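> One structure follows; several queries about it will come next.
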Amino acid sequence: MKITSSFLVLALAGLTIAEELEERTLPFPLLPFVSSTVYQALVSEKKLLNHAKEFVKFSKLSNGTRVFGSEGHQASIRYIKKLLDDTKYYDTEFQTFNYLYSQGTAAFQANGTNYDTAWFTYGPGGTVVAPIVPVNDLGCTPGDYPAAVAGKIALIKRGTCEFGLKIALAGSAGAAGALLYNNAPGSIGGGTLGAPSRPEGPYVAAGSLTGADGEALRATILAGSEVIGTLKVDAVNEDRTTSNVIATTKRGNKDSIVVVGGHTDSVVAGPGINDDGSGTIGILELALKLPLFNVKNAVRFGFWTAEEFGLVGSEHYVTNLPQEERDKIALYLNFDMIASPNAGYFIYDGDGSAFGLTGPPGSAHIEKTFEDFFAKKKTISAPTEFSGRSDYGPFLDVGIPAGGLFTGAEGVMTEDEAKWWKGKAGVAYDVCYHKDCDGIDNLNLPVWVLNTKAAAHSIATYANSLKGIPFPRVAPETASAVRIASLPYEERRHSACGHEVAKV
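Counted the way the numbering used here counts, the sequence shown spans residues 1164 to 1667.
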């Protein structure tokens, strides 16, 4: 590819897209096809940080959060769309819809002791003062709930079935409230009931307990002592209007589209500058630099809403896309948390070699593209489970190959990983994951820049050629090993998983 020296100087000088495009009229004149090397060179730590500072400002409009439906989130997506519109390089749209917003807190005490408790999304509010009754087994069938649970607080162990099913069955049995405790010593850390309601029964006020606390309460009660608990839940459940931002290049073949995505919302607890401000900002900055180039395959950027409520935005997009339009999507690239402070360089395991879950044909090639990038940068990478617990899930479900990057959430870095990446063994990849401290200071800037360059490389690679990606796709004879729609809803939800990574 021939890149003129004047173009390269102009690109590397950091001129804004608006300045560059002022001298052009549509349709655009000749432009060089996107070069991975030049595209990577345009990634600027300063530009990334400037966007992050804007996102922090937006969070302050909503008491420190950019949760979907809040003014902080609305300001974020307006900002993204305006910047993209100003390039005049994209056809952009808000894909707007309503979704149930759910926010709450839970507190629990028994016999004068306050317990570490978290609330479940979609759970109703209420205050219950009643004896605690352990249920049988894991509370996944109606028969697990004894008659004695009526009017009481059901104590249920995590495992086998969804949180929502357990709470609905407790309600069906007449329980006044429910406590769900972990099947491991630590905390569940909240979660979701999965849907606003279930046919098995009505939800009741519910909270979580650590595994140690749950087992201790159960042992006390089974030994013959009555334990009176006070469970107080404050909750808001209401429909809110929200939007995805979709931007498709006017250039390139619209019958072979490369889709690139990240989610724009945060959890209620904080501004979400790493989760997923880092991914969103990374692909936004790349979208703002792409107008300096031509593309052979059209590129579509998807800025998804309400990921933290269960991949809502990406699922809405894929579900409402006609089959003939889905067939035009060659692949999907996902960037969710790419600047964790104690970062690992994780690549989704498209070939299934680490976790045994293979993505649709082409996913292995995407994984290899990222592996080769990091190898060239003399940086060790490792696989992360391709189970669909981020916005690539809905794409996998309809047979679209996918891949992407991740730097770790609440999982703990191993000794080997600490040596590879000069991190801290025994410490979470992101100690501020889903917390109010997920701000500017939570970003690992060198990691962020390198991962954004990796994203640039993947976009340039597939915008130029789909070699290695089976396309047009042939309908598979058997379903993909990854089937996200069949997973329990709580396991699909970002907050419940943190993405599994291979341990060595």
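Note that the Cβ used here is the ideal one computed from N, Cα and C, for glycine as well.
Small disclaimer: the values here were computed from a predicted structure and weren't measured.
For the stretch 1343 to 1423, list the alpha helix (DSSP H) runs that are entirely contained and at least 4 residues long, ordered along the chain.
List check, alpha helix (DSSP H) in window: 1374 to 1385.
> If L1474 and S1621 are in contact, beta carbons under 8 Å, what's the gap, nearest whole angstrom?
Wrong, their Cβ atoms sit about 21 Å apart, outside the cutoff.
> Identify, in the order they occur along the chain, each residue of the same chain with its Cβ nearer than 8 Å to the Cβ of A1273, setting aside the five sequence neighbours on each side.
Only I1295, L1380, V1390, I1391, G1392, T1393 meet the Cβ criterion.
> Note down, in chain order, each residue of its chain lying with its Cβ closer than 6 Å to the Cβ of G1476, except the 5 sequence neighbours on either side.
Excluding sequence neighbours, G1476 sits near N1407, W1467, T1468, A1469.
> Contact defined as beta carbons within less than 8 Å: I believe S1550 pairs with I1510. What is the distance between those atoms, to the nearest angstrom?
Going by Cβ atoms, the distance from S1550 to I1510 rounds to 14 Å, so no, they are not a contact pair.
> If we call anything under 8 Å between Cβ atoms a contact, is Y1285 one with R1321?
No, they are not a contact pair.
> Ignore the nearest five residues each way along the sequence and tell me which others in A1591's own chain have a CB closer than 8 Å to its CB.
Counting only Cβ-Cβ distances below 8 Å, and skipping sequence neighbours, we find N1505, G1571, A1572, E1573, G1574, V1575, M1576.
> Output the residue ranges of the beta strand (DSSP E) runs that lie fully inside the stretch 1181 to 1246 and measure 3 residues or longer, sorted by chain position.
List check, beta strand (DSSP E) in window: nothing returned.
> So what's K1541 in DSSP terms, helix, strand or just coil?
Three-state DSSP puts K1541 in coil, outside helix and strand.
> Assuming A1626 and V1430 make a contact with CB atoms under 8 Å, what is their CB distance in whole Å?
The pair is not a contact, with the Cβ atoms about 32 Å apart (cut-off 8 Å).
> For a quick check, are the C-beta atoms of H1479 and F1260 less than 8 Å apart?
Contact: yes.
> What do you get for Q1237, buried or exposed, if any count of 16 or more other CB atoms within 10 angstroms of its CB means buried?
By the 10 Å Cβ count, Q1237 comes out buried.
> Could you check the C-alpha separation between V1367 and A1375 for me, to the nearest Å?
Their Cα atoms are separated by approximately 23 Å.
> Looking only at its own chain, which residues have a Cβ that is under 8 Å from the Cβ of E1185, when we skip the five neighbours before and after it?
Caution applies to E1185, whose pLDDT of 44 falls short of 50 and renders its modelled position unreliable; the value that the coordinates give is listed next. None.
> Taking DSSP as the reference, what is the three-state secondary structure of F1498?
Correct three-state label for F1498: strand.
> Determine, using beta-carbon pairs with one atom in the stretch 1217 to 1237 and one in the stretch 1627 to 1637, whether at least three such pairs fall under 8 Å.
With the cut-off at 8 Å, the stretch 1217 to 1237 and the stretch 1627 to 1637 do not touch.
> Output needed for T1179: all residues of its chain with C-beta closer than 6 Å, excluding positions within five of it in sequence on either side, in chain order.
Reliability of the predicted coordinates at T1179 is poor, the pLDDT of 49 falling under 50, and the value obtained from them is presented with this limitation in mind. Answer for T1179: no residue qualifies.
> Tell me the DSSP bridge mates of N1483?
N1483 is not bridged to any residue.
> Rounding to the nearest angstrom, what Cα-Cα distance links S1419 and N1460 in this structure?
When rounded, the distance between both Cα atoms is 6 Å.
> Cβ of K1531 within 8 Å of Cβ of Q1203?
Result no, Cβ atoms of K1531 and Q1203 do not sit closer than 8 Å.
> Helix, strand or coil: how does DSSP classify G1513 here?
In this structure, G1513 counts as coil in the three-state DSSP scheme.
> Does DSSP put Y1508 in a helix, a strand or coil?
If DSSP states are grouped into helix, strand and coil, Y1508 belongs with coil.
> Are the C-beta of C1595 and some C-beta of chain B separated by less than 8 Å?
Protein chains in the displayed structure number just one, and chain B is not present.
> From which residue to which residue does the alpha helix (DSSP H) around K1452 run?
Note, K1452: alpha helix (DSSP H), 1440 to 1452.
> Specify, as a first and last residue, the run of the beta strand (DSSP E) that A1317 falls within.
Element bounds for A1317: 1316 to 1320.
> Using C-beta distances below 6 Å, list every residue in its chain close to Y1252, excluding the 5 sequence neighbours before and after it, in chain order.
Same-chain partners within the cutoff: P1454.
> Here's a check: name, in chain order, each residue in its chain whose Cβ is nearer than 7 Å to the Cβ of V1219, leaving out the five neighbours to either side.
Contacts found: P1434, I1436, G1602, I1603.
> Could you pull the start and end residues of the alpha helix (DSSP H) that E1578 belongs to?
Where E1578 is concerned, the enclosing alpha helix (DSSP H) stretches over 1578 to 1584.
> According to DSSP, is Y1285 helix, strand or coil?
Y1285: coil per DSSP, three-state reduction.
> In whole angstroms, give me the CA-to-CA distance for E1212 and A1502.
Here residue 1212 is Leu; the residue named in the question, Glu, does not match the sequence. Each residue's Cα considered, the two are about 12 Å apart.
> Check the C-beta distance from A1410 over to A1450 and give it rounded, since I have them as a contact under 8 Å.
Confirmed, Cβ separation roughly 6 Å.
> Please report how far the alpha carbon of I1444 lies from the alpha carbon of V1421, in whole angstroms.
For I1444 and V1421, the distance between alpha carbons rounds to 18 Å.
> What residue does the beta strand (DSSP E) around D1601 start on, and which one ends it?
It is not in any beta strand (DSSP E) - D1601 carries neither H nor E in the DSSP assignment.
> What's the C-alpha gap between S1113 and R1414?
Lying before the first or after the last residue shown, residue 1113 is absent from the chain, which here runs from 1164 to 1667.
> So what's F1456 in DSSP terms, helix, strand or just coil?
Three-state result, F1456: coil.
> Would you call T1405 buried or exposed, if buried means 16 or more other Cβ atoms sit within 10 Å of its Cβ?
Buried, since its Cβ has 16 or more Cβ neighbours within 10 Å.
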